[in-house]
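Chemist: Those protein sequences? They're chains A and B, same order as listed. Using this note's numbering, the first residue of the first sequence is number 219, and each one after it goes up by one. Using this note's numbering, the first residue of the second sequence is number 219, and each one after it goes up by one. Using N, Cα and C, we set each Cβ at its ideal position, and we do this for glycine too.
Number of protein chains: 2
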Amino acid sequence: MKANSELETLIDLMAKLPGLGPRSARRAVLHLVRKRAQQMAPLAGAMARVAETTRECLNCGNFATGERCAICTSEKRANGELCVVEDVADLWAMERAGVFKGRYHVLGGTLSALDAVGPEELRIPALVERVAEERIREVILALNATVEGQTTAHYVADQLEGRVTVTSLAQGVPIGGELDYLDDGTIGAALRARKSL
Amino acid sequence: MKANSELETLIDLMAKLPGLGPRSARRAVLHLVRKRAQQMAPLAGAMARVAETTRECLNCGNFATGERCAICTSEKRANGELCVVEDVADLWAMERAGVFKGRYHVLGGTLSALDAVGPEELRIPALVERVAEERIREVILALNATVEGQTTAHYVADQLEGRVTVTSLAQGVPIGGELDYLDDGTIGAALRARKSL
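1) Any idea what DSSP makes of Ser292 of chain B, helix, strand or coil?
2) Is the segment 335–355 of chain B in contact with the segment 388–404 of chain B, if contact means three or more CB pairs nearer than 8 Å?
3) Between Phe318 of chain B and the rest of its own chain, which residues show a CB-CB distance below 6 Å, the 5 nearest in sequence each way excluded?
4) Does the separation of the CB atoms of Arg286 of chain B and Gly320 of chain B fall below 8 Å?
5) Is it true that the segment 250–259 of chain A meets the segment 276–284 of chain A, where meeting means three or more beta-carbon pairs spaced less than 8 Å apart?
6) Between A:Val349, A:Glu396, A:Gly403, which has its C-alpha nearest Gln377 of chain A's C-alpha?
7) By the DSSP assignment, the alpha helix (DSSP H) with Thr227 of chain B in it spans what residues?
8) Determine contact between the segment 327–336 of chain B and the segment 265–279 of chain B, defined as no fewer than three beta-carbon pairs at a distance below 8 Å.
9) Grab me the residues of Leu235 of chain B's own chain with a C-beta within less than 8 Å of its C-beta, minus the 5 sequence neighbours each way, in chain order.
10) Roughly how far, in whole angstroms, is the beta-carbon of Leu415 of chain A from the beta-carbon of Val384 of chain A, given that I think they are within contact range, below 8 Å?
11) When we look at the beta-carbon of Ala315 of chain B and count the other beta-carbons within 10 Å, is it buried (16 or more) or exposed?
12) So Val374 of chain B and Leu400 of chain B are in contact, right, with Cβ under 8 Å, and what is the actual spacing, rounded?
13) On the DSSP letters alone, give me the boundaries of the alpha helix (DSSP H) that Arg244 of chain B sits inside.
14) Measure the alpha-carbon distance for Asn280 of chain B versus His249 of chain A and round it to whole angstroms.
15) Is His323 of chain A buried or exposed, if buried means 16 or more other CB atoms sit within 10 Å of its CB?
16) Please report the straight-line C-alpha distance between Lys413 of chain B and Ala262 of chain B, rounded to a whole angstrom.
17) Let me know the beta strand (DSSP E) ranges lying completely inside the segment 264–351 of chain A, each 3 residues or longer, listed in chain order.
18) Can you say whether Thr328 of chain B is buried or exposed, counting buried as having 16 or more other CB atoms within 10 angstroms of its CB?
19) Can you tell me whether Asp402 of chain B is buried or exposed? The criterion is at least 16 other CB atoms within 10 Å of its CB, across all chains shown.
20) Give me, in chain order, the residues of the same chain whose beta-carbon lies closer than 7 Å to that of Ala363 of chain B; leave out the 5 immediate sequence neighbours on both sides.
21) Taking its Cβ as the centre, do 16 or more other Cβ atoms sit within 10 Å of Gly380 of chain A, making it buried, or is it exposed?
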């Protein structure tokens, strides 16, 4: 192993990925070396291209290849709805669900006094600007149902009060969820938000 | 997501790695995109270099950057001991243990009638040649303690009979092993190979 330092460098770099450790990084690299031509070279190429071309959309904070991301440049997505998410992973999750047809605004985190993350760090002023400029009818807060996410949601709602309709994702029993395995908080929220059939 | 096809290609390629699925590949790619300069570009570079330079050592089957690997070209490792392993992962495991000072011979798998893997596919003729040419005193079979590994070990031992001393790794209780959690086969092997204190 020490003999081939390039292999070792590669394993060390792979081991830094989330979800991989030294052992699984070795396994992945072994697999790749065995499939150098079919898998390793294309993966290296794809990674280099993404590293070179990807940046943040100046408008919404999504990943983009140009100044604005594909969603911000698509006229079809300008339906007056703006979905506010914490980060790009959440935007991807919304897109996978395939039910939201408007545009996004990625905050880039949540407010945190401890970590000194204020509104300026979170693209919240940019959100207020967009609401004024882009003829937004409704801002949908799709922040995580955590304390930090909800604190941020309340702050954002305050900032936008009187300018636009602000809604947030419904809370309740997840599809396929079994009551026996749900936490008390979720059951309580689902009961409070009960609907007539 | 569909918007940025290069990102999607990268995620698809990452998801093919052993131990990663679509979900963890997305997580890894998100992490990389956030650290484009510090982690993604170096990783892409390291991967491209390894894909380009790594090949199989013509002598032993280990990964090498030239025709022969660093172990085969190191004179210090020519101590007359040759350790036979199934694949490069096993060679790495032996090297990590740091107790073997000789050279290796990587078979590249195990004999398998079902998969039509015969001695020719396994670098076994090359092993017999090396034993004659490299003044080997002892061949240590470090094959996996599986049915396939042990079948292959017996075949290799037959081929080398009368030409060189052939040994194999000891079987027994692993260091830190608790009898209660060991399988019957291991306990049996450890009892049969018991030593006087």
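Modeler: On the basis of the data shown:
1) As a first step, residue 292 of chain B is located in the second sequence; it is residue number 74 there, counting from the start. The answer is coil: DSSP assigns Ser292 of chain B none of H, G, I, E or B.
2) no
3) By one-based count along the second sequence, residue 318 of chain B stands at place 100. Cβ within range, chain order: Cys301, Met312.
4) Position 68 of the second sequence, counting from 1, holds the residue named residue 286 of chain B. Position 102 of the second sequence, counting from 1, holds the residue named residue 320 of chain B. With contacts defined as CB atoms closer than 8 Å, Arg286 of chain B and Gly320 of chain B fail to qualify as a contacting pair.
5) no
6) By one-based count along the first sequence, residue 377 of chain A stands at place 159. If we check each option's Cα against that of Gln377 of chain A, A:Val349 comes out closest.
7) On the second sequence, position 9 is the one that residue 227 of chain B refers to. Element bounds for Thr227 of chain B: 223–233.
8) Note that the segment 327–336 of chain B does not touch the segment 265–279 of chain B; fewer than 3 beta-carbon pairs, one per stretch, sit closer than 8 Å.
9) Position 17 of the second sequence, counting from 1, holds the residue named residue 235 of chain B. Hits under 8 Å: Ala243.
10) Start at 1 with the first residue of the first sequence, and residue 415 of chain A comes out as number 197. Start at 1 with the first residue of the first sequence, and residue 384 of chain A comes out as number 166. Their Cβ separation, rounded to whole angstroms, is 28 Å, which puts Leu415 of chain A and Val384 of chain A out of contact at 8 Å.
11) Sequence index remark: in the second sequence, residue 315 of chain B carries index 97 (1-based). Label assigned to Ala315 of chain B: exposed.
12) The sequence position of residue 374 of chain B within the second sequence is 156, counting from 1. The sequence position of residue 400 of chain B within the second sequence is 182, counting from 1. The Cβ separation is near 27 Å, so there is no contact.
13) Residue numbering aside, residue 244 of chain B sits at position 26 when the second sequence is read from its first letter. It spans 240–252 - the alpha helix (DSSP H) in which Arg244 of chain B sits, taken as one unbroken run.
14) Working through the second sequence from its first residue, we reach residue 280 of chain B at position 62. Working through the first sequence from its first residue, we reach residue 249 of chain A at position 31. Cα-Cα distance, rounded: 14 Å.
15) On the first sequence, position 105 is the one that residue 323 of chain A refers to. Only buried fits His323 of chain A, as 16 or more other CB atoms lie within 10 angstroms of its CB.
16) Residue numbering aside, residue 413 of chain B sits at position 195 when the second sequence is read from its first letter. Residue numbering aside, residue 262 of chain B sits at position 44 when the second sequence is read from its first letter. Inter-residue distance for Lys413 of chain B and Ala262 of chain B is about 51 Å (C-alpha atoms, whole angstroms).
17) 299–303, 321–324
18) Your numbering for residue 328 of chain B matches position 110 in the second sequence. Buried, by the Cβ-count rule.
19) By one-based count along the second sequence, residue 402 of chain B stands at place 184. So Asp402 of chain B counts as exposed.
20) Here the question's residue 363 of chain B lines up with position 145 in the second sequence. Counting only Cβ-Cβ distances below 7 Å, and skipping sequence neighbours, we find Gln389.
21) Position 162 of the first sequence, counting from 1, holds the residue named residue 380 of chain A. Taking all protein chains in view, the Cβ of Gly380 of chain A is surrounded by fewer than 16 other Cβ atoms within 10 Å, so the residue is classified as exposed.
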